[in-house]
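Chemist:
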Amino acid sequence: LLLDGRGMTPDFDFEHLIKILGFIIQVLGLVIIPLGVGLFALLQAYNLFAWVWSALAVKSPQFQPLFVSDTSVPVVDMTAPQAEERGHSSDWKLTEIPVLLFISWWAVFNLLAYTLAGEKMPWLGTHMSVPMIFLAGWYFGRIIDRIDWGKFAQRTWLYLFILPLMVLALFRLIIPPLFGEQPFLGTDQIQLVYTYNWLGALVIFLGMGYFAFWLAQKSGWSAFRQMIAVVTFSILMVLTFRSAWIA
């Protein structure tokens, strides 16, 4: 960015912010998300291997002596193994398809395959994002299923207004100073506007943070974490809709 002598950025352009956000999204998409999905895939593979190992483990039949005509003859007692086999017959069957393992494998190797292929086509982003969409839907769906809707109807619905205001205030505190709108640098009109905007965002952030802390103590921290996930999903959904509408 071009700065003048007073530390201002007169040539500020919204494209700079878009470039920074695009870089952050690329880092998330190419580093953090594949790493998380890879670890999750390894965990699922370990669970699947443990299940297969337990299913293939066959216990040896139990030998018990049977006394016939005062002669000890070792014969096989088949009643106990058969009863045990009937009791554990369900362990031998695959009752659920490991869908998460398949989708995780799909997501990781899509990134690797298209990266090694080196083809720079815009629609390839669809192939890499589809399995991640399924994983995100599974994750947020589990969180939404655990929401106590009784508490939500009473007071936790307030998080839907508090948390977005905190996010907007946090962006207003961090982003403008990076582009030259530093507060407390002068007494002229422009500098005072920057200062008052920054102070207003700080007041909103602290006020909403205190209100969220008080509400979390009343309704429980689990509800607070669930509402963070819901708000995050809502923000991502709005941004996705906006990008699709503009495209």
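My numbering puts the last residue of the sequence shown at 388; the count rises by one with no breaks.
Ideal Cβ positions, reconstructed from N, Cα and C, are used throughout, including at glycine.
Quick caveat, the model's predicted, so the values are computed rather than measured.
DSSP state of F190, grouped into three classes?
Modeler: As a first step, residue 190 is located in the sequence shown; it is residue number 49 there, counting from the start. It is helical.
Chemist: So, at 7 angstroms on beta carbons, what are the nonlocal neighbours of A364 in its own chain, with the 5 sequence-adjacent residues on each side left out?
Modeler: Your numbering for residue 364 matches position 223 in the sequence shown. So the list reads D289, K292 and T297, once near-sequence residues are dropped.
Chemist: So, do the stretch 337–354 and the stretch 275–285 have three or more beta carbon pairs nearer to each other than 8 angstroms?
Modeler: no
Chemist: On the criterion of 16 or more Cβ atoms from any shown chain inside 10 Å, does A182 qualify as buried, or is it exposed?
Modeler: The residue given as residue 182 occupies position 41 in the sequence shown. Buried, since its Cβ has 16 or more Cβ neighbours within 10 Å.
Chemist: Just confirm the distance between the C-beta atoms of P272 and A248, as a whole number of angstroms; I'd bet it's less than 8 angstroms.
Modeler: For the purposes of this step, residue 272 is identified with residue 131 of the sequence shown, where counting begins at 1. For the purposes of this step, residue 248 is identified with residue 107 of the sequence shown, where counting begins at 1. Yes, P272 and A248 are in contact; Cβ-Cβ is about 4 angstroms, under 8 angstroms.
Chemist: According to DSSP, is T328 part of a helix, a strand, or is it coil?
Modeler: Within the sequence shown, the letter at position 187 stands for residue 328. Correct three-state label for T328: coil.
Chemist: Go ahead and pull the three-state DSSP assignment for D286.
Modeler: Mapped onto the sequence shown, residue 286 falls at position 145. Helix at D286.
Chemist: Below 9 angstroms between beta carbons: does that hold for M368 and L304?
Modeler: In the sequence shown, the residue the question calls residue 368 occupies position 227. In the sequence shown, the residue the question calls residue 304 occupies position 163. Contact: yes.
Chemist: Under three-state DSSP, which class holds V217?
Modeler: Walking along the sequence shown from the start, residue 217 turns up at place 76. With a pLDDT of only 47 at V217, under 50, the local geometry of the prediction cannot be trusted, and no value is derived from it.
Chemist: Let me make sure I understand the geometry here. Which of K261, T267, G179 and G259 has the alpha-carbon closest to that of A385?
Modeler: In the sequence shown, residue 385 corresponds to position 244, counting from 1. Closest in alpha carbon position to A385, among K261, T267, G179 and G259, is T267.
Chemist: Tell me whether I244 is buried or exposed, calling it buried when 16 or more other Cβ atoms sit within 10 Å of its Cβ.
Modeler: Taking the first residue of the sequence shown as position 1, residue 244 is located at position 103. With a 10 Å radius around the Cβ and a threshold of 16 neighbouring Cβ atoms, I244 comes out buried.
Chemist: What distance in whole Å lies between the Cβ atoms of N338 and I366, which are believed to be in contact at a cut-off of 8 angstroms?
Modeler: Counted from its first residue, the sequence shown places residue 366 at position 225. Counted from its first residue, the sequence shown places residue 338 at position 197. Here the sequence assigns Arg to residue 366, which means Ile is not the residue at that position. Not confirmed; about 31 angstroms, so no contact.
Chemist: Strictly under 9 angstroms for the Cβ-Cβ distance: is L257 near chain C by that measure?
Modeler: Here chain C cannot be found, since the structure has a single protein chain.
Chemist: Tell me whether the beta-carbon of V371 lies closer than 9 angstroms to the beta-carbon of I285.
Modeler: Residue mapping note: residue 371 aligns to position 230 of the sequence shown, counting from 1. Residue mapping note: residue 285 aligns to position 144 of the sequence shown, counting from 1. Contact: yes.
Chemist: Distance, Cα to Cα, P263 vs S270?
Modeler: As a first step, residue 263 is located in the sequence shown; it is residue number 122 there, counting from the start. As a first step, residue 270 is located in the sequence shown; it is residue number 129 there, counting from the start. Spanning the two alpha carbons is a distance of roughly 12 angstroms.
Chemist: Can you tell me which of the three DSSP states R366 falls into?
Modeler: Sequence index remark: in the sequence shown, residue 366 carries index 225 (1-based). Helix at R366.
Chemist: If you reduce the DSSP assignment to three classes, tell me which class K292 lands in.
Modeler: In the sequence shown, the residue the question calls residue 292 occupies position 151. Correct three-state label for K292: helix.
Chemist: Does the Cβ-Cβ distance between F374 and F281 come in under 9 angstroms?
Modeler: Position 233 of the sequence shown, counted from the start, is the residue given in the question as residue 374. Position 140 of the sequence shown, counted from the start, is the residue given in the question as residue 281. In this structure, F281 lies closer than 9 angstroms to F374 by Cβ.
Chemist: Going straight from the alpha carbon of A357 to that of I315, what length do you get?
Modeler: By 1-based counting over the sequence shown, the position of residue 357 is 216. By 1-based counting over the sequence shown, the position of residue 315 is 174. The straight-line gap from Cα to Cα measures roughly 25 angstroms.
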